[in-house]
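Undergrad: Before I ask anything, here is the structure I am working with.
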Amino acid sequence: MTETLLQVDNLAVRFGQTDAVTGVSFSLEDGKTLALVGESGSGKSVTALSILQLLPYPMASHPYGSIKLAGEEIIGIDNDALRSVRGAMVGMIFQEPMTSLNPLHPVGKQISETLIIHGGLSRSDAMQRSLELLDLVKLPDKQNKIKSYPHELSGGQRQRIMIAMALANSPRLLIADEPTTALDVTIQASILSLLQELQQELGMAILMISHDLGLVRSFADDVCVMTKGEIVEAGTTASVFSNPQHSYTRHLIESEPKGRPDIPSDSGPLLLDIQNLKIKYKIGKGWFGRKRDFYAVKDFSLKIPRGQTIGVVGESGSGKTTLGLGLLRLLKAEGRVVFNNAELFALSQKEVRNVRKDVQIVFQDPFGSLSPRMSVKQIVEEGLGVHEPELSAAQREQKISEALYNVGIDPRSMNRYPHEFSGGQRQRISIARALVLNPQFIVLDEPTSALDMSVQAQIVELLRDLQKQLGLTYLFISHDLKVVRAVSHYIVVMKDGDIIEQGDADELFDNPQAQYTRELMKAAFMQ
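The sequence shown lines up with residues 175 to 701 when you count with our numbering.
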């Protein structure tokens with residue numbers, strides 16, 4: 175019979191006068207996996223951080239409730255007792271490994287540190303154990319990687335380092351806070367497979383925090399659904415997903431991007447003709463050493479009809495974003511790109527400026543791409559000042575209002591600033607900034623990856639509606655195949671700068687020909 179390892183009863187978390195979590199209760203047994211799911215701001219991470227008392231106390235407080243680990247109360251224990259819990263009994267994998275790892279120290283030193291502090295090992299023994307841990311998490315070339323700094327590793331490698339650190343002292347409980355959010359789908363699958371293997375081998379319990387329902391469905395034994403600081407539904411994963419009782423759970427499940435874009439007319443004229451596009455960087459040693467050419471995009475050719483969406487998929491480093499920037503002449507590129515019968519690469523800077531209003535881009539991170547010092551009105555208006563300076567103030571405001579209305583933002587809020595909006599609203603503002611110039615072609619670079627699933631579904635629906643109303647043509651860049659399928663008419667699969675496979679979206683998803691495409695599909699739809 176398994177033992178209850180973690181017992182949370184009626185937990186409350188308060189920041190100042192604001193209640194972030196109210197009355198949360200759940201339990202977790204040895205060797206089992208429990209997932210806390212919900213959208214941003216639901217209280218998932220705050221609840222998890224409370225277990226290790228990692229909140230910003232005394233600003234944060236627990237007005238009532240209990241957290242017991244192996245029968246011992248955690249809330250209120252002294253620092254010495256807390257140190258024996260952290261790292262030793264409970265390990266934690268944080269959401270973003272790049273910000274969680276120290277950029278000034280090699281990873282071997284960072285893994286060794288927790289072994290020295292919590293395990294009492296000597297430096298040489300700790301380094302030897304660190305190598306064993308890198309072997310455990312299946313990090314290749316461990317002898318060299320242990321000397322590497324975080325920035326020298328890929329996202330998947332950094333996440334494996336974080337897992338090694340969390341497992342260093344063989345904890346009974348592993349807390350995994352969105353452990354795969356920033357990773358490509360195939361790397362996500364390998365990390366989840368690794369965690370399942372380690373759980374079986376070490377017999378540890380896992381508390382997973384996630385908004386990815388597909389991941390939770392395939393990984394967790396039990397699930398608790400959170401919203402507004404409360405658990406609104408709990409049960410086995412199979413029962414919650416097959417027969418959800420609460421309206422919010424049904425909302426989450428139904429929010430997965432679905433549906434298909436309208437079928438365009440086959441007779442649509444060609445908008446963009448890309449021939450043998452190449453984009454290269456100089457890499458290697460500078461100074462007296464010769465640098466060599468690295469091709470991020472190799473001989474890319476594609477014809478894009480007006481009114482269609484071309485989905486470009488692939489993992490990090492495949493050349494997707496570089497392709498989009500090269501098409502817009504935001505990066506130097508070779509080849510031939512014909513837009514509306516004009517050769518873009520043959521145009522002067524002044525001539526390109528006249529074309530820019532017809533080709534726009536929406537970036538991945540809506541908060542990073544909007545100036546915090548400018549109001550929404552100023553952000554959306556900026557392009558009009560460059561491309562349509564003849565407009566009066568009243569005409570500009572009318573155009574801004576129309577663009578905001580089209581993306582579902584109340585025009586009366588145009589004098590507010592980006593931080594006053596949610597992530598989904600900020601992305602709508604980014605789309606309005608692109609739309610205000612009435613473009614013909616928009617590059618959408620991972621426009622939904624930073625958003626909750628229900629917000630993703632809203633943005634997907636918005637993009638389809640706008641395409642139908644305005645006849646827009648999209649280049650939709652993403653590693654999220656579920657979103658790509660919901661918006662795209664045609665798919666291009668990229669790897670290492672090459673086109674691996676391309677074709678009609680339905681045909682490619684239903685019958686992928688390339689092994690790499692099949693691996694992407696398997697990882698993306700792991701339900």
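Where a beta carbon is used, it is the ideal one built from N, C-alpha and C, also for glycine.
Helix, strand or coil for Thr702? Go by DSSP, reduced to three states.
TA: Nothing can be reported for residue 702, as the shown portion of the chain is limited to 175 through 701.
Undergrad: May I ask you to report which of helix, strand or coil DSSP gives Ile335?
TA: Reduced to three states, the DSSP call for Ile335 is helix.
Undergrad: Is the number of C-beta pairs between the stretch 335-345 and the stretch 289-302 that are closer than 8 Å three or more?
TA: Contact holds: three or more Cβ-Cβ distances are below 8 Å.
Undergrad: Quick check on DSSP: helix, strand or coil for Asn528?
TA: Asn528 falls in the helix class under three-state DSSP.
Undergrad: Can you check which of these residues, Pro479, Thr196, Leu179 and Thr192, is closest to Leu185 by C-alpha distance?
TA: Looking at the Cα atoms, Thr196 is the closest of the given residues.
Undergrad: Please report the distance separating the alpha-carbon of Asp193 from that of Val281.
TA: So the two alpha carbons sit approximately 38 Å from each other.
Undergrad: By the three-class DSSP mapping on this structure, what secondary structure does Leu202 have?
TA: Three-state result, Leu202: strand.
Undergrad: Please classify Val187: does DSSP put it in a helix, a strand, or coil?
TA: Here Val187 sits in strand by DSSP.
Undergrad: Are the beta-carbon atoms belonging to Ile484 and Val658 less than 8 Å from one another?
TA: Not a contact, by the Cβ cut-off of 8 Å.
Undergrad: Between which two residues does the beta strand (DSSP E) carrying Lys477 extend?
TA: Lys477 -> beta strand (DSSP E) spans Arg466 to Pro479.
Undergrad: Would the beta-carbon of Leu202 fall within 8 Å of that of Ala470?
TA: No; because the gap between Cβ atoms is not below 8 Å, this pair is not in contact.
Undergrad: For Glu555 and Arg586, I'd like the C-alpha separation in whole angstroms.
TA: In a straight line, the C-alpha of Glu555 is about 15 Å away from that of Arg586.
Undergrad: Do Gln538 and Asp623 come within 8 Å of each other at the CB atom, strictly closer than that value?
TA: Looking at the sequence provided, one finds Ser at residue 623 rather than Asp. Yes.
Undergrad: Going by C-alpha to C-alpha distance, which of Asp678, Glu693 and Ser662 sits closest to Lys669?
TA: Comparing Cα-Cα distances from Lys669 to each of Asp678, Glu693 and Ser662, the minimum goes to Glu693.
Undergrad: Just to confirm my understanding: we take Leu505, look at its own chain, exclude 5 residues before and 5 after, and list those with CB closer than 8 Å. What are they?
TA: The residues are Ile453, Thr496 and Leu499.
Undergrad: Thinking C-alpha only, which one of Pro324, Ala350 and Glu404 is nearest Ser199?
TA: The residue with the shortest Cα to Cα distance from Ser199 is Glu404.
Undergrad: So the beta strand (DSSP E) Asp678 belongs to, where does it begin and stop?
TA: Counting along the chain, the beta strand (DSSP E) containing Asp678 begins and ends at Asp672 to Asp678.
Undergrad: Given a cut-off of 8 Å, decide if Gly509 and Leu451 are closer than it, judged by their beta-carbon atoms.
TA: Closer than 8 Å, so yes.
Undergrad: For the putative contact between Val536 and Ala608, defined by C-beta atoms under 8 Å, what is the C-beta separation to the nearest angstrom?
TA: So it is a contact: roughly 5 Å between Cβ atoms.
Undergrad: What's the C-alpha gap between Gln701 and Gln284?
TA: Low per-residue confidence applies at Gln701: pLDDT is 44, beneath 50, and the placement is therefore not dependable, though the value from the model is reported in the following sentence. Each residue's alpha carbon lies about 35 Å from the other.
Undergrad: Starting from the Cα of Val211, find the closest Cα among Leu376, Arg424, Ser240 and Lys242 and give me that residue.
TA: Minimum Cα distance to Val211 is reached at Arg424.
Undergrad: Let me confirm a value: Tyr648 is counted as buried when at least 16 other C-beta atoms fall within 10 Å, else exposed. Which label applies?
TA: That one is buried.
Undergrad: Under 8 Å between C-beta atoms, does Leu502 make it to chain C?
TA: No chain C is present in this structure, which holds just one protein chain.
Undergrad: Any idea if His325 is buried or exposed, counting beta-carbon neighbours within 10 angstroms, 16 or more meaning buried?
TA: So His325 ends up on the exposed side.
Undergrad: Bridge partners for Leu485 per DSSP, in chain order?
TA: A small fix is needed here, since residue 485 is Gly in this sequence, not Leu. DSSP lists Phe650 and Ile665 as partners of Gly485.
Undergrad: Whose C-alpha, out of Gly205, Lys206 and Ile251, is nearest the C-alpha of Ser224?
TA: The option with the nearest alpha carbon to Ser224 is Ile251.
Undergrad: Pick helix, strand or coil for Gln701, following the three-state DSSP scheme.
TA: Residue confidence for Gln701 is low, a pLDDT of 44 falling below 50, so the modelled location carries little weight; the figure read from the coordinates is stated next. DSSP places Gln701 in coil when its eight states are reduced to three.
Undergrad: Closer than 7 Å by C-beta to Tyr238: which residues in its own chain qualify, once you throw out the five before and the five after it? Chain order, please.
TA: So the list reads Asn184 and Ala186, once near-sequence residues are dropped.
Undergrad: Distance check for Met588 and Gln569, CA to CA, integer angstroms please.
TA: Cα to Cα, Gln569 sits roughly 15 Å from Met588.
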